[in-house]
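Asks: Take this structure, written in C-alpha cells, and hold onto it; I'll ask about it next.
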C-alpha cells in the first residue's frame, strides 16, 4: 500500500455529521453499500487486536417503534433533570431518527473478547470497550463517503439499556456502545446540527492542543500561547453600531419612547455585546460559584469557622442553598468551581475540581498567593468561561463562596479605586462592631505591608486577593473574549471585575451589575466601573443570588427588543415625538 496521503479523506472527515433531520425513510440502503460500511467499521484498530465489537442491524419496524418509545421516555426523564431553559431547548430539537431511517445499527462491545491475557488490557480492562468507539467512527466516516447519514442515539439509562438488550436478545455480558440511525438524506448540513440550534459550540483546535505539558497550548510549529495574554488580546470594544441600532429600534417600538426605563439600557448593552440587533436572549445561563478559603481568617475577621466553606460547597452540590433555589426558579445551571477550598471534596456532578492551592496565606503576614498561583487561578476562570460558553450558555453569572472573602474583596476594592479601607470594609456575614473594627484594621495593615500597585493586577491579587477572586476575574475575561454577557453578583464580583478591568479596560462593556450589595465596597466598585446595579435589595449573601434575581431583566430586555412590534409594522401612529 502506498504510504502517501489519501485524496479526499479530509473532505469526508470534515463533512461527517451527526444527522437528525432530512432523512429519506423510503430510500433503501443497498446491501452491498451497507456491507462496505460495516467492513470499514470492522477494520478499526482495537486494543490487543481483540475486535470487541458486534453489529446488530435492525430493520423491523415494530422493534424500532418500541425503541423509539423507549428513547422518548428516556429523553423526557433527562429533560426533567435539566434547568428549565435547557429543558425547553432539548424539547424543541429533534434528537433521533429511529423511525425516519430504513435501518438502525447497534454497536456492542464484549469486554471478555480476546481472552484473559489480551495485550494492552491488563492494567486497563476498560480499554477493550473503549476501542469499540473506533469502529463507530470508521462506520460513520464510511457511511459519509457512501452518501449515507448517521445519527447517534444515546438517551439510555441503565434501565433503558436493559430494556433495549431484551428487545434485541443481547447477552448480558455485552455492552451497548452506540445506537445508530442510518439512511440516505436529502442533504448534509453545513455545520453540526447541535451547533446550528445553539445547543453547543465547537471548541477551536487551539484550545485542545498542548505542547509537552498540559496547559502549554499551541498548534504544531507555533510557540505555546499565553492563555491570559491571548484572552486579553481578544477583548475588543462592544459594537457601537449594534448599540445604535438597538436604541433606534427601541424608539420605534409600540410604546412611548423611554418608557421601559433602564430595561432599554440593558437591551442596548446586550446588543453591543452580541454585535447584533436584536441580540440573542441570554439563555441558557450558568452561575459559576468559585469557592476558596482564606488565610486571613486567622486574624479573627469573622466568627464563622473556616469549615463552613467546604460545608456550604457540599450544600451547593446537594442543591440545598439559596443559589440553587433561585437557579431552579429562573432555569439556570449552577456549577461549583473548587479553586482553593481547604477541605477535600468528593467528585460529584456539578463540581469542577480546579484547586490551585488549599486556600491562601495570611495577607497580614506576607503575600496571600504567589504570582504563579494567581495566574493559575485566573486561567482556571478563563477555562471555565470557555467550557460554559462552548456548552451553549449565553450568559455567565458570577458566584462566590469563601469564609473571610469579603476581607480580601475590601482590600482589592481599596487598591483599585483608591478608597480608604474604612469606607469599603463591611460587616460580611453580620459581624459585631468590635470584629468590624478588627477587620478594617486587617485590611489597612495588609495594604500598608504590601503597597500593591493597581497597574499590576497579578501583583495585587498575589498580595491581598483570594483564589476565588482570581478565578472570577478570569471568568469575566474569558466571557468578554467570547462576547458573552457577564452578570455580576455582589462585592466579591465587583472586586473581581475591577481586577479584570485592570487587565483589559474594555471588559467593562461586557458586564452588567446585577445588584448593589449591602457591603459598602459593592457600591464603590460599581461606581468606579461605571456600572449602575439593576437591583438594590439590601442583600449580602453572595453565592450568585443577586445576579440570579437580575437575570430575568436581561432576558426580558432581549426578548422585548426581538418580539415587540414597531409602529410601522403594527400600523400604529407614533405620537411620541409630540408628547402625550
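Residue numbers (this note's numbering): -9 to 570.
Heads up, the beta-carbon is just placed ideally off N, CA and C, and yes, glycines get one too.
Taking C-beta to C-beta, are residue 12 and residue 175 nearer than 7 Å?
Replies: yes
Asks: Please state the DSSP three-state secondary structure of residue 173.
Replies: It is a strand residue.
Asks: Could you pull the start and end residues of the alpha helix (DSSP H) that residue 89 belongs to?
Replies: Unbroken run through residue 89: none, as it is neither H nor E.
Asks: Give me the residue from 504, 494, 560 with the minimum Cα distance to residue 227.
Replies: Closest by C-alpha distance to residue 227, out of 504, 494, 560, is 494.
Asks: Whose CA, out of 333, 116, 276, lies closest to the CA of residue 374?
Replies: 276
Asks: Quick check on residue 64: buried or exposed, where buried means 16 or more other Cβ atoms within 10 Å of its Cβ?
Replies: buried
Asks: How big is the Cα-Cα spacing for residue 312 and residue 430?
Replies: 28 Å
Asks: Within its chain, find whatever has a CB closer than 8 Å to the CB of residue 17; leave out the 5 residues flanking it on each side and keep chain order.
Replies: 92, 173, 174
Asks: I need the straight-line Cα distance from residue 314 to residue 137, nearest angstrom please.
Replies: 47 Å
Asks: So is residue 47 buried or exposed if we call it buried at 16+ other beta carbons inside 10 Å?
Replies: exposed
Asks: Starting from residue 130 and walking both ways along the alpha helix (DSSP H), at which residues does that stretch end?
Replies: 117 to 135
Asks: Is there contact between the stretch 402 to 415 and the stretch 509 to 519, where contact requires at least three CB pairs shorter than 8 Å?
Replies: The stretch 402 to 415 vs the stretch 509 to 519: in contact.
Asks: In terms of residues, what are the limits of the beta strand (DSSP E) holding residue 388?
Replies: 385 to 391
Asks: Could you have a look at residue -2 and say whether DSSP puts it in helix, strand or coil?
Replies: coil
Asks: Considering Cα atoms alone, identify which of 351, 510, 390 is closest to residue 417.
Replies: 510
Asks: Should residue 402 and residue 485 be called a contact, given that it needs their Cβ atoms to be closer than 7 Å?
Replies: Yes, Cβ-Cβ distance for residue 402 and residue 485 is below 7 Å.
Asks: Name the DSSP beta bridge partners of residue 343, please?
Replies: 328
Asks: Among 99, 27, 255, which residue has its Cα nearest to the Cα of residue 129?
Replies: 27
Asks: So, at 7 Å on beta carbons, what are the nonlocal neighbours of residue 507 in its own chain, with the 5 sequence-adjacent residues on each side left out?
Replies: 480, 481, 529, 530, 536
Asks: Look up residue 178 in the DSSP assignment and say whether it is helix, strand or coil.
Replies: Here residue 178 sits in coil by DSSP.
Asks: Is DSSP giving residue 426 helix, strand or coil here?
Replies: In this structure, residue 426 counts as helix in the three-state DSSP scheme.
Asks: What are the start and end residues of the beta strand (DSSP E) that includes residue 238?
Replies: Here residue 238 belongs to no beta strand (DSSP E); instead the alpha helix (DSSP H) covers 230 to 242.
Asks: Could you give the DSSP three-state label for residue 560: helix, strand or coil?
Replies: The three-state reading of DSSP puts residue 560 in helix, counting H, G and I together.
Asks: Just curious, the beta strand (DSSP E) that residue 44 is in, first and last residue?
Replies: Going by DSSP, residue 44 is part of the beta strand (DSSP E) stretching over 43 to 48.
Asks: To which residues of the same chain is residue 364 closer than 8 Å at the C-beta, ignoring the five residues directly before and after it?
Replies: 448, 451, 452, 455, 460
Asks: Which residue marks the beginning of the beta strand (DSSP E) containing residue 266, and which one marks its end?
Replies: Run containing residue 266: none; DSSP gives neither H nor E here.
Asks: Exposed or buried, residue 233, counting other C-beta atoms within 10 Å across all chains shown (16 or more means buried)?
Replies: buried
Asks: Starting from residue 276, trace the beta strand (DSSP E) in both directions and tell me its first and last residue.
Replies: 275 to 282
Asks: Classify residue 156 as helix, strand or coil using the three-state DSSP reduction.
Replies: helix
Asks: Give the secondary structure of residue 297 by DSSP, where H, G and I count as helix, E and B as strand, and everything else as coil.
Replies: helix
Asks: Can at least three beta-carbon pairs, one atom from the stretch 255 to 271 and one from the stretch 536 to 554, be found at a separation below 8 Å?
Replies: yes
Asks: By a C-beta neighbour count over all protein chains shown, 10 Å radius and 16 as the cutoff for buried, is residue 505 buried or exposed?
Replies: buried
Asks: Would you call the CB atoms of residue 225 and residue 470 closer than 7 Å?
Replies: yes
Asks: Measure the CB-CB distance between residue 98 and residue 166 and report whether it falls below 7 Å.
Replies: yes
Asks: Tell me which same chain residues have a C-beta within less than 8 Å of the C-beta of residue 144, skipping the five on either side of it?
Replies: 168, 169
Asks: Measure the C-alpha to C-alpha separation of residue 571 and residue 393 and round it to an integer number of angstroms.
Replies: The requested residue 571 does not occur in the structure, where the chain is confined to residues -9 to 570.
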